[in-house]
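Under the working numbering, think of the first position of the sequence shown as 64, with each following residue one higher.
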Amino acid sequence: MGGSQVNRALVRLYFEVKDELRDPVAAWAKLTANSEVYRRARGGRRVPLDDGTAAELTAAAIVHTAAEYGPDRVAALATSPLAGLVAALGGAVLTEQPAAPWQMLGPGFRGPEPDDWPGAAYVMLWGEHNRLIRTPGAPWVIAGRYKGQKVVAIGPHPTRLSDETLVVRPGTDGALAMAMGHVLLKEFVLERPAFAEHALDHTDLPFLVRLRELGGAWVAGCGIGRRADRLSLYGGPRGESVEVLLPRFDDGPGVLRRGVPVRRYGDLLVTTVFDLLLAVYGVPREGLPGCWPAGYEDRAEPYTPAWQEPLTGVPAARAVKVARELGATAERTGGRCVIVPGRLETSHADTAYRAMLALLVLTGCGRGWAQEGAGDEVPLVPYLCLHALGEDGANVGRLCWPLADGVLSGRTGRSVLVEAVRDGLPMAPSPRVLALPRPICPVPPDLDLLIGPDDGCDVALPEAGLVADAVAKLAVGRVEPAPARAQDPPVPEPMRLMVDHAWMHEYGEALPTYRPPGPGLPVKPTHLVPYMPLVPFRP
C-alpha cells in the first residue's frame, strides 16, 4: 500500500466494476453511469491505496471524461501538478489570479519570471506572502540584493527579505497605492514630464472620454475611441472646464467634486483619461473648479499621503519616500522596477490590484508585474460562483456607487455572471473531473471525480508522473492530444489606467479607486470584465 488516499465507497465500487470489465476506462464509464452512489459518500472516510492503482483510477476518469464529454470538462487549477497534463489534453486550466493585469496590461500578458527579478533595480514585495522567507521566489530576491537592488516589502507582517518594510493594516493596500500614485502624478508627470513620452506612446492617458450631465455636474462615461495629441486639455485655447462627480468609498457612499478641462467633440463634451486621473487622485491645477487637497499633509481629501496614514498605519513621510524612490529608479533605469504581488484577502482586492498596477503603468514599468497574467486561462472564482450562486438572491446592485445608472439594481450574482459569459468572458463548462491543490467550497455540481488534499475530495493527488504515464497508456485510440496553438506575434496595445466597460462605471471603478474592506459579495462582476481595446494602437 502506498501513500494515496481514496474515498472508501469509490474504491470499493471501482474494484467491483473493474473485476468484471478488466478495462479501467470502461469500468469508470459504468461506474459514473450511477455516480450518485459514491457522490453521497463524498467527504466520508478515505482509505490507503497504492500509488499505481490511484493513478490508474485518476487516469481512467480523465480519459473517459475527455473522450465522452470533451477535454474541456477536465479541469485543473493552474497550481496543481496535473495542470500541465490537463493543458496537453485541451482541458481547462483554471486560475485564481485577479483579472487586473489582463485588463490593464493587455490580453495574454506575461510578467517577468522569478529568475528575471535579480535584474531589477527596485523590487516591491506587496502582499501576504512577504513574511514567508522560504517561498519559491526567495532565492531570486536574495540574488538581486547581492546585485545591489533595493527590496521594499509591503504587507501585514515584517519580513527578513527586504531592506525596508511598510507594515500596512489588512485590506488597506489600495489606500497606500493611491497615495503613492498621487505623489508620482504630481512630481514625475505634472511638475516635470519624466514619463510623458511613455504616457503618450504606450498608455491610454491621451484617450478622450465622453462626459454626461447629471444633477448640474458631469460624470465620466465611456471612451470614444479617439485620442488627443497631448496628455491634457488643460490650458487649451478656450480654457473650458467643468466639475465632474467621482466615486468616494472611504467615507460612506459619498462623491468627490473636482474639475477637469474639456472641449467639444461634435455633440459630445470630452476630456482625457489623464485629466480624469488627476481629478481622481486629487492633484490640483490652478483654475479648475471643485474641492482639492491643500497638499500632501491634507487628511480630509483623498488620496494624499496624510489621508492614507490613519487607514494604513504607514507614516505619510514613508509613503512619499517610497513613491519617490520608485519614480526616480524607474526614470534612471528605464523602467527596471518590479512589484511581486501576494494575496489580498478582501472582497475589493481587484480595485487594490489596479491601484498597484497604476504605479507601474505611470512609470513605464509595464513588464514589472511579477505575476502571470490571465491569458487564455479561465478564472476559477467566477467559474465556481456561476454554479454556486444558483439560489443566491443577493442584490449585487448594492455594491454600486450612488450615481450608478441602476443597470445592476436588483440583479443576482448568477444573472450577471451569465451575462459575462454571453459577452465573451472565457469560462469553462461544469467539470466532470477537477484537480485542486487545496480545499474548495462549494463543490461544483455533477462532479465525478474531485482530486485534492482535503478529506472532502475523492482522491488525494497521486504522483503526477504516474498519472501522466497511465493517461498516455489508456488514451491510445480514445483521446487525441490537443493541437499546439500558433503563437501570434504580440500586437502593441496601450496599457490602460481606465478600464472602459459599463460595469466598471456602474461600480465607480473605471479608474483606480480605494474601497475599504467590508461586507460584500465574494466576487463582484468587476472581476469579470474582459479587456477590450479602445482602438488599434500604433505607437
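Heads up, the beta-carbon is just placed ideally off N, CA and C, and yes, glycines get one too.
Using 10 angstroms around the beta-carbon of Gly278, count the other beta-carbons present and answer buried if the total reaches 16, otherwise exposed. In the sequence shown, the residue the question calls residue 278 occupies position 215. Result: exposed.
Checking 8 Å against the spacing of the C-beta atoms, do Lys93 and Pro87 come in under that value? Here residue 93 is taken as the residue at index 30 of the sequence shown, counted from 1. Here residue 87 is taken as the residue at index 24 of the sequence shown, counted from 1. Going by C-beta atoms, Lys93 is not nearer than 8 Å to Pro87.
With C-beta atoms as the reference, is Ala242 less than 8 Å away from Trp370? On the sequence shown, residue 242 is found 179 positions in, with the first residue counted as 1. On the sequence shown, residue 370 is found 307 positions in, with the first residue counted as 1. In contact: Ala242 and Trp370 (Cβ atoms closer than 8 Å).
Here's the rule: buried if 16 or more other CB atoms are within 10 angstroms of the residue's CB, otherwise exposed. What is Arg301? In the sequence shown, residue 301 corresponds to position 238, counting from 1. The residue in question, Arg301, is exposed, as its Cβ has fewer than 16 Cβ neighbours within 10 Å.
Whose C-beta lies closer than 7 Å to the C-beta of Leu537 among residues of the same chain, with five residues either side of it excluded? Stepping through the sequence shown from its first residue, residue 537 is reached at position 474. Taken in chain order, the residues that qualify are Pro87, Val88, Ala122, Ala123, Val126.
In three-state terms, what does DSSP make of Pro310? Taking the first residue of the sequence shown as position 1, residue 310 is located at position 247. Strand, per DSSP.
Alpha carbon to alpha carbon, what distance is there between Trp464 and Lys587? In the sequence shown, counting from the first residue as 1, residue 587 sits at position 524. In the sequence shown, counting from the first residue as 1, residue 464 sits at position 401. Lys587 and Trp464: Cα-Cα distance of roughly 13 Å.
With DSSP as the reference, label Ile503 as helix, strand or coil. Here residue 503 refers to the residue found at position 440 of the sequence shown. It is coil, neither helix nor strand.
For Ala418, which three-state DSSP category applies? Taking the sequence shown and counting its residues from 1, one reaches residue 418 at position 355. In this structure, Ala418 counts as helix in the three-state DSSP scheme.
Under DSSP, the beta strand (DSSP E) around Pro111 begins and ends at which residues? As a working mapping, residue 111 is identified with position 48 in the sequence shown. It spans 109-112 - the beta strand (DSSP E) in which Pro111 sits, taken as one unbroken run.
Beta-bridge partners of Thr589, as assigned by DSSP: Locating residue 589 in the sequence shown gives position 526, where the first residue counts as 1. Residue pairing by DSSP places Thr589 opposite no residue, since no beta bridge is assigned to it.
Between Val459, Gly182, Glu227, which has its C-alpha nearest Glu388's C-alpha? Against the sequence shown, residue 388 aligns to sequence position 325. Of the candidates Val459, Gly182, Glu227, Glu227 places its Cα closest to the Cα of Glu388.
Since Ile402 sits in a beta bridge, which residues does DSSP pair it with? Residue 402 sits at position 339 when you count from the first residue of the sequence shown. Note: Ile402 sits in a beta bridge opposite Met187, Trp432.
Pro557 to Ala162 span [Cα, whole Å]: Translated into the one-based positions of the sequence shown, residue 557 becomes position 494. Translated into the one-based positions of the sequence shown, residue 162 becomes position 99. When rounded, the distance between both Cα atoms is 17 Å.
Given Met567 as reference, the closest of Leu512, Leu462, Ala533 once Cα atoms are compared: Position 504 of the sequence shown, counted from the start, is the residue given in the question as residue 567. Comparing Cα-Cα distances from Met567 to each of Leu512, Leu462, Ala533, the minimum goes to Leu462.
Selection from Gly358, His564, Gly329 that minimises the alpha carbon distance to Val470: As a working note, residue 470 is residue 407 in the sequence shown. Nearest of Gly358, His564, Gly329 to Val470, Cα basis: His564.
What whole-angstrom Cβ distance do Thr367 and Gly345 have, given they're in contact under 8 Å? Taking the first residue of the sequence shown as 1, we reach residue 367 at position 304. Taking the first residue of the sequence shown as 1, we reach residue 345 at position 282. Correct: roughly 7 Å between the Cβ atoms.
Tell me Ile217's beta-bridge partners as DSSP assigns them. Along the sequence shown, one-based indexing puts residue 217 at 154. Trp189, Leu229.
Excluding the 5 residues flanking Leu268 on each side, which residues of the same chain have their C-beta closer than 8 Å to its C-beta? Along the sequence shown, read from residue 1 onward, the residue named residue 268 stands at position 205. Ala262, Leu294, Thr335, Val336, Phe337, Leu340, Leu560.
For Ala523 and Arg85, what's the separation of their Cα atoms in angstroms? Numbered from 1 along the sequence shown, position 460 holds the residue referred to as residue 523. Numbered from 1 along the sequence shown, position 22 holds the residue referred to as residue 85. Between Ala523 and Arg85, the C-alpha separation is close to 24 Å.
Beta-carbon proximity list for Val479, same chain, < 7 Å, skipping 5 on both sides: On the sequence shown, residue 479 is found 416 positions in, with the first residue counted as 1. Closer than 7 Å at Cβ, skipping near neighbours: Val459, Leu471, Pro588.
Quick one: what's Thr335 bridged to in DSSP? Numbered from 1 along the sequence shown, position 272 holds the residue referred to as residue 335. Bridge partners of Thr335: Leu271.
In the DSSP assignment, find the unbroken beta strand (DSSP E) run with Ser67 in it and report its ends. Looking up residue 67 in the sequence shown gives position 4. Counting along the chain, the beta strand (DSSP E) containing Ser67 begins and ends at 67-70.
Return the bridge partner residues of Ser410 from the DSSP annotation. Residue mapping note: residue 410 aligns to position 347 of the sequence shown, counting from 1. For Ser410, which the question treats as bridged, DSSP gives no partner whatsoever.
Within this structure, are the beta carbons of Ser304 and Val323 separated by less than 8 Å? Numbered from its first residue, the sequence shown carries residue 304 at position 241. Numbered from its first residue, the sequence shown carries residue 323 at position 260. Contact flag set, yes.
State the CB to CB distance for the pair Arg71 and Val100, rounded to an integer number of angstroms; the pair is presumed to be in contact (CB under 8 Å). Your numbering for residue 71 matches position 8 in the sequence shown. Your numbering for residue 100 matches position 37 in the sequence shown. About 12 Å separates the two Cβ atoms, so there is no contact after all.
Arg327 burial status per 10 Å Cβ neighbour count (16 or more: buried): For the purposes of this step, residue 327 is taken as the residue at position 264 of the sequence shown. Per the 10 Å Cβ criterion, exposed.
Quickly, what does DSSP pair Arg290 with across the bridge? List them, please. Taking the first residue of the sequence shown as 1, we reach residue 290 at position 227. Answer is Phe270, bridged to Arg290.
Can you tell me which of the three DSSP states Thr121 falls into? Against the sequence shown, residue 121 aligns to sequence position 58. In the structure shown, Thr121 sits in a helix (DSSP, three-state: H, G or I).
Quick check: the Cα distance between Val318 and Arg103, rounded to an integer number of angstroms? Taking the sequence shown and counting its residues from 1, one reaches residue 318 at position 255. Taking the sequence shown and counting its residues from 1, one reaches residue 103 at position 40. Put simply, the backbone Cα of Val318 is about 51 Å away from that of Arg103.
Identity of the residue in Val444, Ala382, Leu73, Val383 nearest Pro489 by Cα: Numbered from 1 along the sequence shown, position 426 holds the residue referred to as residue 489. Comparing alpha-carbon positions, the option among Val444, Ala382, Leu73, Val383 lying closest to Pro489 turns out to be Val444.
Which word fits Gly218, buried or exposed, when buried means at least 16 other C-beta atoms lie within 10 angstroms of its C-beta? Indexing the sequence shown from 1 puts residue 218 at position 155. Buried.
Exposed unless 16 or more other CB atoms sit within 10 angstroms - verdict on Ile196: Translated into the one-based positions of the sequence shown, residue 196 becomes position 133. Because Ile196 carries a pLDDT of 43, less than 50, the predicted location of this residue cannot be relied on, and the following value inherits that uncertainty. Here Ile196 is exposed. Its C-beta has fewer than 16 other C-beta atoms within 10 Å.
When the Cα atoms are used, what is the spatial distance from Ser225 to Ala412? Taking the sequence shown and counting its residues from 1, the one referred to as residue 225 is at position 162. Taking the sequence shown and counting its residues from 1, the one referred to as residue 412 is at position 349. Looking at the two C-alpha atoms, the distance is approximately 23 Å.
Distance, Leu145 Cα to Met151 Cα: Residue mapping note: residue 151 aligns to position 88 of the sequence shown, counting from 1. Residue mapping note: residue 145 aligns to position 82 of the sequence shown, counting from 1. The residue you asked about is not Met; residue 151 is Ala in the sequence shown. Between Ala151 and Leu145, the C-alpha separation is close to 10 Å.
Using DSSP with H/G/I as helix, E/B as strand and the rest coil, what is Met561? By 1-based counting over the sequence shown, the position of residue 561 is 498. Correct three-state label for Met561: coil.
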